[in-house]
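Visitor: Let me begin by handing over the structure; questions about it come next.
There are 2 protein chains.
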Amino acid sequence: MTNAELTQFKTRYVKNLEESVIPFWEKYSIDREAGGYLTCLERDGRLFDADKFTWLGARELWMWSKLYTSYRREPRWVDLAQTGADFLKRYGRDPRGDWYFALDRQGRPLVEAYNIFSDCFAAVAFAEYHRATGDRESLEIALATYRRIQERKSNPKGRFTKQIGSTRSLKAMALPMIQIWMAEEMGDLLEPGLREAVVRENIDQVTSLHIDRERRAVFERVAADGSHPFCMEGRLLTPGHALEVLWFLLRTVSRRSRSAGLAAGKAGAANTTGAAEGGAAAADDAALIELLTEAVLFTAERGWDHEQGGFFYYMDYEGLPPDKLEWDMKLWWVHAEALCAFLISYQLTGRSEFLEWFRRTDDYVFSHFDDPEYGEWFGYLHRGGDAALTLKGGKWKGFFHVPRALLTCIGVFDELAAAAGGPPPEHSQHDGAKERHHG
Amino acid sequence: MTNAELTQFKTRYVKNLEESVIPFWEKYSIDREAGGYLTCLERDGRLFDADKFTWLGARELWMWSKLYTSYRREPRWVDLAQTGADFLKRYGRDPRGDWYFALDRQGRPLVEAYNIFSDCFAAVAFAEYHRATGDRESLEIALATYRRIQERKSNPKGRFTKQIGSTRSLKAMALPMIQIWMAEEMGDLLEPGLREAVVRENIDQVTSLHIDRERRAVFERVAADGSHPFCMEGRLLTPGHALEVLWFLLRTVSRRSRSAGLAAGKAGAANTTGAAEGGAAAADDAALIELLTEAVLFTAERGWDHEQGGFFYYMDYEGLPPDKLEWDMKLWWVHAEALCAFLISYQLTGRSEFLEWFRRTDDYVFSHFDDPEYGEWFGYLHRGGDAALTLKGGKWKGFFHVPRALLTCIGVFDELAAAAGGPPPEHSQHDGAKERHHG
Chain Z
18 MTNAELTQFK
28 TRYVKNLEES
38 VIPFWEKYSI
48 DREAGGYLTC
58 LERDGRLFDA
68 DKFTWLGARE
78 LWMWSKLYTS
88 YRREPRWVDL
98 AQTGADFLKR
108 YGRDPRGDWY
118 FALDRQGRPL
128 VEAYNIFSDC
138 FAAVAFAEYH
148 RATGDRESLE
158 IALATYRRIQ
168 ERKSNPKGRF
178 TKQIGSTRSL
188 KAMALPMIQI
198 WMAEEMGDLL
208 EPGLREAVVR
218 ENIDQVTSLH
228 IDRERRAVFE
238 RVAADGSHPF
248 CMEGRLLTPG
258 HALEVLWFLL
268 RTVSRRSRSA
278 GLAAGKAGAA
288 NTTGAAEGGA
298 AAADDAALIE
308 LLTEAVLFTA
318 ERGWDHEQGG
328 FFYYMDYEGL
338 PPDKLEWDMK
348 LWWVHAEALC
358 AFLISYQLTG
368 RSEFLEWFRR
378 TDDYVFSHFD
388 DPEYGEWFGY
398 LHRGGDAALT
408 LKGGKWKGFF
418 HVPRALLTCI
428 GVFDELAAAA
438 GGPPPEHSQH
448 DGAKERHHG
Chain P
18 MTNAELTQFK
28 TRYVKNLEES
38 VIPFWEKYSI
48 DREAGGYLTC
58 LERDGRLFDA
68 DKFTWLGARE
78 LWMWSKLYTS
88 YRREPRWVDL
98 AQTGADFLKR
108 YGRDPRGDWY
118 FALDRQGRPL
128 VEAYNIFSDC
138 FAAVAFAEYH
148 RATGDRESLE
158 IALATYRRIQ
168 ERKSNPKGRF
178 TKQIGSTRSL
188 KAMALPMIQI
198 WMAEEMGDLL
208 EPGLREAVVR
218 ENIDQVTSLH
228 IDRERRAVFE
238 RVAADGSHPF
248 CMEGRLLTPG
258 HALEVLWFLL
268 RTVSRRSRSA
278 GLAAGKAGAA
288 NTTGAAEGGA
298 AAADDAALIE
308 LLTEAVLFTA
318 ERGWDHEQGG
328 FFYYMDYEGL
338 PPDKLEWDMK
348 LWWVHAEALC
358 AFLISYQLTG
368 RSEFLEWFRR
378 TDDYVFSHFD
388 DPEYGEWFGY
398 LHRGGDAALT
408 LKGGKWKGFF
418 HVPRALLTCI
428 GVFDELAAAA
438 GGPPPEHSQH
448 DGAKERHHG
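The listed protein sequences correspond, in order, to chains Z and P.
Numbering of the first sequence is given in our numbering, commencing with residue 18 and proceeding in unit increments.
Numbering of the second sequence is given in our numbering, commencing with residue 18 and proceeding in unit increments.
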């Protein structure tokens, strides 16, 4: 990528984040009456439902905190985080300490804590809010929630489990994904060694079960022996989810490699065995990066709609009918995750295919999802690219994927510029601290 | 409707039922290896998943039985019913007698009995199979299942209930709908008086809560006081579901009126009080028919896609974003139910608007859903009318809505011809017994 292109991209991403996305959520999502966040917002910011979805509230709390800790120390953002933290502390948990799925505007519980995903976002959100503010209670909430997730993770839906596992037990990719993300986000707040143990175990599941190099596909659900049973869920591919997992793993492996490199450097100064071990680990990680970026590439090729542009939401590996009516719709988060996956793959390999995929996705995003008129991105497009729903936020879309992707990409733009030996690209609005995804 | 048009319609419906729909399911859905029915069938009948969904299995059992009891005494259809009945008897129920949601091909349970809807279809299916065959065990299963539904109906999802009802309790239209349909289908198999009591109570809920004459809409969920809370589910409209409920109610009211008329006729011969009561009930039922057909009309006007044709799947009463990505898709069952609602409304009122709506829907169905190449109807179209999924059956589409609608319409065509004083319209392939929807 030339410096000129790097500057052009960075300018666009900073502008989108600071002039379109952040202002939209700051203006419309803050509930100045009842506290917390409103997420059901029409194209122009008009509220269409006042229910509060705990996991979206936790994601928004995480995002404001992360912007503050990683992008710019803007005091306003801590205040915006605080309204979410206060509301969730007060109303978010049931008597067991599990996080409800939904509350009404005043915080009265509407929907039970029916799986552990609200809890996962609550744990990372309060960890980041603790980093932003030093608030001790938030740290305790984060750690208590994290411990409770570990107790519940073997049965993430508890009494709400409908599947009778003994007949057909499939491993789902959602669990290793969230485990890795949580471990990376909680990071130094966890007991020593825990992060690396969680990361290792879950990378193993993804690389040995879900990524199928021979079939050139990342399967959402796989039998414990790695086979693909003849059923819809056994053939299900979700390109956006695969790309999200892959960039998490790429980030994690490169973070781990850097730590190992530093450790090996130190060890090498003392004895050569340590250096050799470090070298072997580095070779393993290089092979892992090779596998993961290969998977990014075959996921992109298979997931892209070569007729009408954009990535499909769901696909069937055999091209049989998927079990989802919305399979061919184009969703904002899929494309946000794709941007991160391609840019990070390019950063780690330097291969031009990834830059091409990044350019193609960026072009699709800014000509279809971005709404220059009212700010933020549209969420749900028909296959052809027009908006199927005009909302900017809802029960499933909040202040999360878009700003996280913009922040991640801006950080990589800066790293690419630094690696090229130059200063950060122009138009940088922030203080030069690169986005540290892993807290 | 002229006799020529009546004949034309009837010819098309008989041909579609007998040469397209029945052959497709007879050829592809019968599992000659493991018994029971396969429903995940591609456009050309190819199997894409062998799981067995109990409620679809029960619907198919009902349908073969119903064809036999109401359309033609074709021995083959009893055999096809038997394979479903045997499989469901053997594998369908959990140890409490509740019906699993899904089984694998061999009948091993995959998904728990997570609500009562599988049970509702099992009850009517075994009732009809009993009528077709005289099988006592099936009658016992039907009645035991019916009793169990009555125990469970105040909490239809049992331990799977995620909603915390005390915060926002909404009445859903699905429950009165299925109660009325079940009571009408079970009919004379229930204890005396039960059918009329169930019908009365549930018609009351639909007419007093869900049909909102002032707002000219049928609401899917309403607060117990009839108000519409400010939330997505409080504004949800599902035109297909509304039309389905409305034609059930129209059928029920006209069946009840006929019985009352007969009773009043007898009573009138003995004393005049009975005749006066009969007259008052008849006036009430006439008012009910007026209300229900008015609701058919405003549902049609609101639910039709005036730009691209066909009925929307979901809508928001205020035109705000609905909570469903697939809201603007065109679904087969919506249009099957619409055909019945318009034709029955026309039959009961003679008003030309209903005939117009019937013609319009018929035209849409036979130019978009019907697949002359491989038989059966497509299930899921994009807003513009092209197939989003090419499947003919799946997890939610089986041998049910299409043949039921064709059978219902053929019955009405015959009744219209009889009312006009003529013989049944030409091209009748069956024995002239009209379709008796209520068993």
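From the three backbone atoms N, C-alpha and C, an ideal C-beta is built for every residue, glycine too.
Note that the coordinates shown come from a computational prediction; the quantities given were computed from them, not determined experimentally.
(1) Quick one: give me the first and last residue of the alpha helix (DSSP H) that Pro-40/Z is part of.
(2) For a contact meaning CB atoms closer than 7 Å, what does Ile-181/Z contact in chain P?
(3) Just list the alpha helix (DSSP H) runs in the stretch 124-178 of chain Z, keeping only unbroken ones of 4 residues or longer that don't cross its boundaries, in chain order.
(4) Within this structure, are the beta carbons of Cys-248/Z and Met-199/Z separated by less than 7 Å?
(5) Mind checking if Thr-71/P is an interface residue toward chain Z, Cβ cutoff 7 Å exclusive?
(6) Comparing alpha-carbon positions, which option in Gly-396/P, Arg-400/P, Gly-367/P, Gly-392/P lies nearest His-323/P?
(7) What separation, rounded to the nearest whole angstrom, lies between the Cα atoms of Lys-44/Z and Val-38/Z?
(8) Roughly how far, in whole angstroms, is the beta-carbon of Ile-457/Z from the beta-carbon of Phe-265/Z, given that I think they are within contact range, below 8 Å?
(9) Using alpha carbons as the reference points, say which of Val-31/P, Leu-360/P, Leu-192/P, Ala-142/P lies closest to Phe-457/P.
(10) Could you tell me the distance, in whole angstroms, from the CA atom of Tyr-334/P to the CA atom of Glu-50/P?
(11) What residues match up with Gly-410/Z in a beta bridge as DSSP calls it?
(12) Bridge partners for Gln-180/P per DSSP, in chain order?
(13) What is the C-beta distance between Ala-144/P and Met-203/P, in whole angstroms, given that I count them as a contact (C-beta under 8 Å)?
(14) Say whether chain P places a C-beta atom closer than 7 Å to the C-beta of Asp-48/Z.
(15) Going along the stretch 332-366 of chain P in order, which residues come within less than 7 Å of chain Z, judged by CB to CB distance?
(16) Is the CB of Phe-41/P under 7 Å away from at least one CB in chain Z?
(17) According to DSSP, simplified to helix, strand and coil, what is Phe-375/Z?
(18) Do the stretch 261-276 of chain Z and the stretch 342-362 of chain Z make contact, defined as three or more Cβ pairs closer than 8 Å?
(19) Buried or exposed for Ala-304/Z, going by 16 or more other Cβ atoms inside 10 Å?
(20) Is there a C-beta anywhere in chain Z that falls below 7 Å from the one on Arg-453/P?
(21) Taking C-beta to C-beta, are Ala-191/Z and Thr-162/Z nearer than 7 Å?
(22) Please work out which residues of its chain come closer than 7 Å, Cβ to Cβ, to Ala-436/P, disregarding the five sequence neighbours upstream and downstream, and give them in chain order.
(23) Under 8 Å: do the stretch 381-393 of chain Z and the stretch 336-346 of chain Z share three or more Cβ pairs, one atom per stretch?
(24) At a CB distance below 7 Å, what residues from the stretch 224-257 of chain Z approach chain P? Give them in sequence order.
(25) At least one CB of chain Z closer than 7 Å to the CB of Gly-456/P: is that the case?
(26) Have a look at the DSSP bridge pairing and note the partners of Lys-69/Z.
(27) On the DSSP letters alone, give me the boundaries of the alpha helix (DSSP H) that Arg-113/Z sits inside.
(28) Taking C-alpha atoms, which residue in Ala-317/Z, Thr-71/Z, Leu-97/Z lies nearest to His-258/Z?
(29) Could you check whether Phe-328/P and Val-351/P sit closer than 7 Å to each other, using their CB atoms as the reference points?
(30) According to DSSP, which residues form a beta bridge with Ile-228/P?
(31) State the start and end residues of the unbroken beta strand (DSSP E) segment that holds Ala-51/P.
(32) Going straight from the alpha carbon of His-447/Z to that of Trp-349/Z, what length do you get?
(33) Please report the Cβ distance between Tyr-108/P and Leu-120/P, rounded to the nearest whole angstrom; I am assuming they are in contact, meaning their Cβ atoms lie under 8 Å.
(34) Buried or exposed: where does Gly-367/Z fall if 16 or more other Cβ atoms within 10 Å of its Cβ makes it buried?
(35) Which residues of the stretch 394-421 of chain P have a Cβ closer than 7 Å to any Cβ of chain Z? Give them in chain order.
(36) Applying a beta-carbon distance threshold of less than 7 Å, which residues of chain Z neighbour Glu-59/P?
Guide: Answer, in terms of the structure:
(1) Taken as a continuous stretch (DSSP letters only), the alpha helix (DSSP H) holding Pro-40/Z covers 39-45.
(2) Listed by position along chain P, the residues whose Cβ is nearer than 7 Å to that of Ile-181/Z are Pro-126, Leu-127, Val-128, Glu-129.
(3) With a minimum length of 4 residues, the continuous alpha helix (DSSP H) runs that stay inside the stretch 124-178 of chain Z are 134-150, 153-169.
(4) Contact check for Cys-248/Z against Met-199/Z fails: the beta carbons are separated by 7 Å or more.
(5) Thr-71/P does not count as touching chain Z.
(6) Ranking the options by Cα distance to His-323/P, first place goes to Arg-400/P.
(7) Their backbone Cα atoms lie some 10 Å apart in a straight line.
(8) Only positions 18 to 456 of chain Z appear in this structure, which leaves residue 457/Z out of reach.
(9) Since the displayed chain P opens at 18 and closes at 456, residue 457/P lies outside it and no answer follows.
(10) Going from the Cα of Tyr-334/P to the Cα of Glu-50/P covers about 48 Å.
(11) Paired residues: Leu-58/Z.
(12) Answer is Val-128/Z.
(13) For Ala-144/P against Met-203/P, the beta-carbon gap comes to about 5 Å, under 8 Å, which counts as contact.
(14) Not an interface residue.
(15) Answer in chain order: Leu-337, Pro-338, Asp-340, Leu-342, Glu-343, Asp-345, Met-346.
(16) No, Phe-41/P does not count as interfacial toward chain Z.
(17) Residue state, collapsed to three classes: helix.
(18) These segments touch.
(19) It is exposed - the Cβ of Ala-304/Z has fewer than 16 other Cβ atoms within 10 Å.
(20) The predicted model places Arg-453/P with a pLDDT of 36, which falls under 50 and marks its position as unreliable; any figure quoted below should be read in that light. No, its Cβ sits nowhere closer than 7 Å to a Cβ of chain Z.
(21) At least 7 Å separates the beta-carbon of Ala-191/Z from that of Thr-162/Z.
(22) Answer for Ala-436/P: no residue qualifies.
(23) At 8 Å Cβ cutoff, the stretches do not touch.
(24) With the criterion set as a beta carbon lying under 7 Å from some beta carbon of chain P, the members of the stretch 224-257 of chain Z are Phe-247, Cys-248, Met-249, in sequence order.
(25) With a pLDDT of only 31 at Gly-456/P, under the threshold of 50, the placement of this residue in the model should not be trusted, and no figure is reported.
(26) DSSP output for Lys-69/Z lists Leu-120/Z as bridge partner(s).
(27) From DSSP, Arg-113/Z is part of no alpha helix (DSSP H); its letter is neither H nor E.
(28) Answer by Cα proximity: Ala-317/Z.
(29) Yes, these two residues count as a Cβ contact at 7 Å.
(30) Answer by DSSP bridge pairing, in chain order: Val-235/P.
(31) No beta strand (DSSP E) holds Ala-51/P; DSSP gives it neither H nor E.
(32) The predicted model places His-447/Z with a pLDDT of 45, which falls under 50 and marks its position as unreliable; any figure quoted below should be read in that light. Distance from the CA of His-447/Z to the CA of Trp-349/Z, rounded to the nearest whole angstrom, comes to 25 Å.
(33) Indeed, because the Cβ distance is near 5 Å, the residues count as touching under 8 Å.
(34) Using a 10 angstroms sphere on the CB of Gly-367/Z, the tally of other CB atoms stays under 16, which defines it as exposed.
(35) Cβ contacts with chain Z: Tyr-397, Ala-405, Leu-406, Thr-407, Leu-408, Gly-411, Lys-412.
(36) Simply Leu-337, Pro-338.
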